[in-house]
Every structure is written in structure tokens, then in C-alpha cells.
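K.L.:
Please read through the structure below; I'll follow up with questions.
Protein chains: 2
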Amino acid sequence: MATDQLSLTFSALADPTRRAILTRLAFGETSVKELAQPFKMTLPAISKHLKVLERAGLVARGRDAQWRPCRLEAKPLEEVADWVEQYRRFWEERLDRLEDYLRELQAQEKNSDV
Amino acid sequence: MATDQLSLTFSALADPTRRAILTRLAFGETSVKELAQPFKMTLPAISKHLKVLERAGLVARGRDAQWRPCRLEAKPLEEVADWVEQYRRFWEERLDRLEDYLRELQAQEKNSDV
DNA sequence: GTTGTAATTTACCAACAGGTTAATTAACCA
DNA sequence: TGGTTAATTAACCTGTTGGTAAATTACAAC
């Protein structure tokens with residue numbers, strides 16, 4: 349896999365389990381066991397997912413006795429937001445054309461009213 | 349790999365070659381051969397990358413004689429933008445705290461002026 | 001029809017991803 | 001000390017990714 353930051357971030361986000369973990373972490377720091385709770389997979393699997401997220405800089409982990417509390421680190425998502433914003437005009441373009449078309453329809457309706 | 353749309357999109361974007369292809373396509377429709385031009389990999393490799401992008405709905409292809417012109421389809425990026433926006437407050441948080449701190453500093457300076 | 005060009009398909013390969021079970025580390029508790 | 005809990009590591013398996021070279025398809029131009 350490519351190792352540039354953006355590729356690391358995108359590929360970390362390309363898994364629904366990992367995105368769900370981030371969603372959970374948005375509500376606050378928690379343990380690995382509690383993170384694993386909602387999923388029907390083993391703890392080592394979750395551990396691996398966390399390692400991927402950590403390598404991408406999306407989570408950081410502390411130490412509290414035998415717990416490794418995980419917390420969200422959203423900073424890498426800024427680069428994602430910036431990258432994708434470049435393309436906004438392209439996905440809004442079609443909508444613009446639709447709006448043009450609807451305006452045109454409206455104009456025609458007005459004409460037929462007269 | 350997961351097959352939900354968002355996972356498909358993220359994983360398509362997790363490769364620098366594919367992102368570069370999308371960047372190129374933002375300047376307009378073009379052939380596979382021309383897309384391959386800047387990369388030091390074979391045409392079949394580019395063909396595969398295009399297939400990944402196509403499966404993610406990020407490019408569409410036409411036919412013109414023996415050419416398969418590719419064009420950007422940015423719509424799936426909207427979901428990416430929406431997803432990542434949920435986290436904006438988290439990566440801006442630290443900045444907010446910095447701003448608070450700077451405001452506090454300013455207040456202190458005012459006091460010391462008096 | 002033959003030749004040239006664009007692109008894909010096929011067959012293959014090495015590396016990696018995502019999961020498992022079993023063993024291990026580390027800390028707490030009593 | 002021994003037992004429990006949290007989490008990771010190790011070893012392994014299977015399917016997928018990202019690349020290649022060679023063959024094939026499809027079209028155009030002569």
C-alpha cells in the first residue's frame with residue numbers, strides 16, 4: 349500500500365468497522381473492549397483495526413492500568429476534506445444544469461398561462 | 349473488501365495513481381493511453397485502476413472508434429464530503445482552544461497596558 | 001486483406017488485508 | 001502467591017491488490 353498520509357487516511361477509512369469505531373470515539377475516549385462490543389468479531393481483529401487507525405494518525409491511545417483508552421484524532425481528516433472540496437463544483441454541476449432546466453420549465457409554464 | 353458505496357469510494361481514493369487520474373480528468377475527458385502517459389507503469393495496470401474507479405462510480409467511459417474516453421463522475425465524492433464534515437469540529441477544536449488562549453493573552457496585555 | 005493503434009483480457013506473481021485461535025504480557029485484586 | 005481481566009502478539013489461512021508479460025479484441029486506414 350502507498351504510505352503517503354492521504355493514502356493512509358483514505359485506506360483507513362475504507363472499512364466500515366473502522367469508520368464505526370471513529371463514530372463511537374466521537375462520543376468520547378473508551379477502552380478497546382468497549383469498542384469491540386458492537387461487532388461480531390474477536391478482540392484481536394479490533395486490535396488490528398485500531399493499529400491501522402493509529403498508523404493513519406486517526407486515533408491515539410493512553411494507558412490506564414490494564415486499559416488502553418483510545419481517543420479520536422481528527423486532524424488527518426482535514427486533508428481529506430480539502431482534497432475532496434476540489435471536486436465539489438463537479439458534483440454540483442449536474443444539479444446546476446437541473447436547476448437551469450427547471451427554471452426553463454417554469455418559464456414555459458408561465459408562457460402557457462398567458 | 350466491503351462493498352458499500354462509501355467503502356468503495358474511500359478505497360478507490362486510497363491510491364495516489366488513482367487520485368492523480370481523477371485530477372487529470374478534472375481538466376476534461378481523455379483516452380486511456382493519455383491517462384497512462386505520466387506514469388511509469390504498463391497500460392493494463394492503468395486499465396485496472398480505471399476499472400476500480402469505474403466500479404466506485406468515479407469515472408464513466410464512452411466509446412469513440414478504438415478509444416474509450418474516460419470522464420470524471422464526482423457524485424460519489426459528495427458522500428465523502430458529508431461524512432468527513434461530521435468531524436470538522438474535532439480537528440478545529442485544538443485551533444479553537446488556541447484562539448481562546450490567544451484571546452486570553454490579548455486580554456492580559458490590555459491589562460498590563462493600563 | 002494487411003498493418004497499425006487502442007485497449008482489454010488472461011495468466012501469473014508477490015505482498016497485503018482481514019479474519020481466526022492460541023499463547024503471552026501486564027496490571028489489578030484478594 | 002494465584003486468579004481475573006485487558007489487550008497484544010504470534011502463527012496461520014484465505015481472498016484481494018497491484019503489478020507484469022503475452023495474447024486477444026476492435027477499429028481504422030491503406
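These protein sequence lines are chains A and B, in that order. According to the numbering used here, the first sequence is numbered sequentially starting from 349. According to the numbering used here, the second sequence is numbered sequentially starting from 349. Here a beta-carbon is modelled for each residue, glycine too, at the ideal position from N, C-alpha and C. Since we're looking at a predicted model, the values are computed, not measured.
Taking a cut of 9 angstroms between CB atoms, which residues from the stretch 398-431 of chain B lie near chain A?
P.N.:
The stretch 398-431 of chain B vs chain A, Cβ under 9 angstroms: Leu420, Glu421, Ala422, Lys423, Pro424, Leu425, Glu426, Val428, Ala429 and Trp431.
K.L.:
Under the three-state reduction of DSSP, which class applies to B/Leu391: helix, strand or coil?
P.N.:
Helix.
K.L.:
Can the beta-carbon of B/Thr357 be found closer than 8 angstroms to that of B/His397?
P.N.:
Not a contact, by the Cβ cut-off of 8 angstroms.
K.L.:
What does B/Ser355 reach in chain A if we use C-beta pairs closer than 9 angstroms?
P.N.:
Per Cβ cutoff of 9 angstroms: Leu361, Ala362, Asp363, Pro364 and Arg367.
K.L.:
Give the DSSP bridge partners of A/Ala408, in chain order.
P.N.:
Paired residues: A/Arg419.
K.L.:
Cβ closer than 7 angstroms: which chain B residues qualify as neighbours of A/Tyr449?
P.N.:
Those within 7 angstroms of A/Tyr449 in chain B number zero; the least Cβ separation is about 17 angstroms.
K.L.:
For B/Val428 and B/Ala374, what's the separation of their Cα atoms in angstroms?
P.N.:
If I take the Cα positions, the gap works out to 17 angstroms.
K.L.:
Any beta carbon from chain B within less than 8 angstroms of A/Ala374's own beta carbon?
P.N.:
Taking Cβ atoms only, chain B reaches closer than 8 angstroms to A/Ala374, which makes this a yes.
K.L.:
CB-CB under 7 angstroms to A/Asp461, same chain, minus the five flanking residues each way: which ones, in chain order?
P.N.:
Confidence at A/Asp461 is low in this model, with a pLDDT of 46, below 50, so the placement of that residue should be treated as unreliable; the coordinate-derived value is given next. Closer than 7 angstroms at Cβ, skipping near neighbours: no residue.
K.L.:
Helix, strand or coil: how does DSSP classify B/Thr378 here?
P.N.:
Three-state result, B/Thr378: strand.
K.L.:
Indicate whether at least one CB of chain A lies closer than 8 angstroms to the CB of B/Val462.
P.N.:
With a pLDDT of only 40 at B/Val462, under the threshold of 50, the placement of this residue in the model should not be trusted; the figure read from the coordinates follows. By this cut-off, B/Val462 is not an interface position.
K.L.:
For the alpha helix (DSSP H) containing A/Gln353, name the first residue and the last one.
P.N.:
A/Gln353 -> alpha helix (DSSP H) spans Gln353 to Leu361.
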